[in-house]
Amino acid sequence: MILTESEIQQVLQRVKTAFPNFTNWEYNNEKNEEYFGFSVWGEFEIKTEELMIPRRFFITLDTNHEDKWQGCLTIGLHSYLWSSADVGDAHLVSTDPCETLEEAISALKAKISELFQVFLAGN
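Right, dumping it as structure tokens:
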């Protein structure tokens with residue numbers, strides 16, 4: 000799915016509101032060897048004492064080959080078709096395909112919450 004400029008601006012506003020701690024939002028709006036179409040991603044960096052090893056987490060929301068929305072949380076790099084631990088990124092959680100951006104955002108937040116509840120359980 001390719002979006003119009005107006006739709007892109009609406010998506011950017013929505014993801015920035017949904018994930019206010021993420022910055023450096025970028026997007027792709029073409030079908031090519033790395034994307035099925037529109038994809039938007041933002042970054043959250045945890046600063047550490049070790050200057051050589053920043054911890055970068057990414058939220059990516061994109062459209063798949065069926066024009067449905069999906070979301071994922073990755074570490075290292077944003078998600079794209081060739082994402083792999085071999086190139087420096089890893090998927091932590093992903094959603095099933097959703098009909099709308101809103102559904103994908105809600106599903107992704109639920110998946111992230113489930114993941115982090117595992118770490119908090121028993122405390």
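All residue numbers for the sequence shown refer to numbering that gives the first Met the number 0, where the first residue is 0 and numbers rise by one. Think of the CB as a built atom: it goes at the ideal place given N, C-alpha and C, for glycine as much as any other residue.
How many angstroms separate the CA atom of residue i from the CA atom of residue j?
{"i": "residue 78", "j": "residue 120", "result": "28 Å"}
{"i": "residue 61", "j": "residue 48", "result": "33 Å"}
{"i": "residue 65", "j": "residue 31", "result": "15 Å"}
{"i": "residue 15", "j": "residue 118", "result": "26 Å"}
{"i": "residue 129", "j": "residue 92", "result": "Because residue 129 is not part of the residues shown, which for the chain are 0 to 122, the question remains open."}
Answer with buried or exposed for residue i, where buried requires no fewer than 16 other C-beta atoms within 10 angstroms of its C-beta.
{"i": "residue 116", "result": "exposed"}
{"i": "residue 38", "result": "buried"}
{"i": "residue 69", "result": "buried"}
Could you check where the alpha helix (DSSP H) with residue i kicks off and where it finishes?
{"i": "residue 1", "result": "Here residue 1 belongs to no alpha helix (DSSP H), and DSSP marks it neither H nor E."}
{"i": "residue 114", "result": "100–119"}
Per DSSP, which residues does residue i bridge with? Please list them.
{"i": "residue 38", "result": "27 and 61"}
{"i": "residue 55", "result": "44"}
{"i": "residue 22", "result": "42"}
{"i": "residue 69", "result": "61"}
Taking the beta strand (DSSP E) that residue i belongs to, which residues open and close that run?
{"i": "residue 89", "result": "89–93"}
{"i": "residue 76", "result": "Careful: residue 76 lies outside any beta strand (DSSP E) and carries neither H nor E."}
Within the 8 Å Cβ cut-off, does residue i reach chain B?
{"i": "residue 70", "result": "Annotation note: the requested chain B is absent from the structure, which comprises a single protein chain."}
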